[in-house]
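Residue numbers (UniProt numbering): 1 to 155.
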């Protein structure tokens, strides 16, 4: 009986959904360390447009990315109503500025559908797939590609 429960659990994946640039996105819940209110950043000269700066989080210096700007959806003008999602991938911790966090979404692994390749350039997509939801679709963010792209831009 326990084997059946384990099998059933392995067929589902949980995401935290959020809004950035008036669009719905999600990140796998296992990558998220915490969600915090916006706080001012220390600006880094010559950083890419989507890198807002850094914050000190309990002694660790964390880069903060404007996710909407990174995805080509315009820049977010941060206010106290915005949030930062602190996430970890490939041994690096980053913060993502988003408009708001919506909910936890639990879906079957086969519910994540591939996105068509419609980019005009050869850049690596930051979207892993899409998930149909009640009021449309939400895009699954590939956090490792965002972190990788940020590292290349900072070099």
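Here a beta-carbon is modelled for each residue, glycine too, at the ideal position from N, C-alpha and C.
All values reported here derive from a predicted model rather than from experimental measurement.
With residue i and residue j assumed to form a contact (beta carbons below 8 Å), what rounded beta-carbon distance in angstroms separates them?
i	j	result
residue 28	residue 106	With 8 Å as the limit, residue 28 and residue 106 do not qualify as a contact, their Cβ atoms being about 11 Å apart.
residue 62	residue 17	Between residue 17 and residue 62 the Cβ distance is about 22 Å, and since that is not below 8 Å, they are no contact.
residue 85	residue 98	6 Å
residue 21	residue 71	7 Å
residue 31	residue 88	6 Å
residue 33	residue 83	That pair is no contact at about 13 Å.
If distances are taken between C-alpha atoms only, which option among the options comes closest to residue i?
i	options	result
residue 125	138, 142, 112	142
residue 114	81, 83, 138, 70	138
residue 81	50, 135, 101	101
residue 76	148, 144, 23, 136	23
residue 57	78, 38, 133	38
residue 96	50, 134, 148	50
Which same chain residues, not among the five before or five after residue i, have their C-beta less than 7 Å away from its C-beta?
i	result
residue 123	For residue 123, the predicted structure reports a pLDDT of 49, less than 50, and the residue's modelled location is therefore unreliable. A value from the coordinates is still provided. Excluding residues within five positions, none has a Cβ falling inside 7 Å.
residue 43	53
residue 11	108, 109
residue 146	65, 70, 126
Please list, in chain order, all residues of the same chain as residue i whose beta carbon is under 8 Å from its beta carbon, the five residues on each side excluded.
i	result
residue 41	52, 53, 54, 55, 64
residue 104	14, 15, 16, 17, 29
residue 26	15, 16, 17, 18, 105, 131, 138, 139, 140, 141
Going by the DSSP bridge assignment, what does residue i pair with across the sheet?
i	result
residue 36	84
residue 147	Beta-bridge pairing links residue 147 to no other residue.
residue 56	61
residue 42	54
Might you give, ordered along the chain, the residues of its own chain that have their beta carbon closer than 6 Å to the beta carbon of residue i, omitting 5 neighbours on each side?
i	result
residue 144	89, 90
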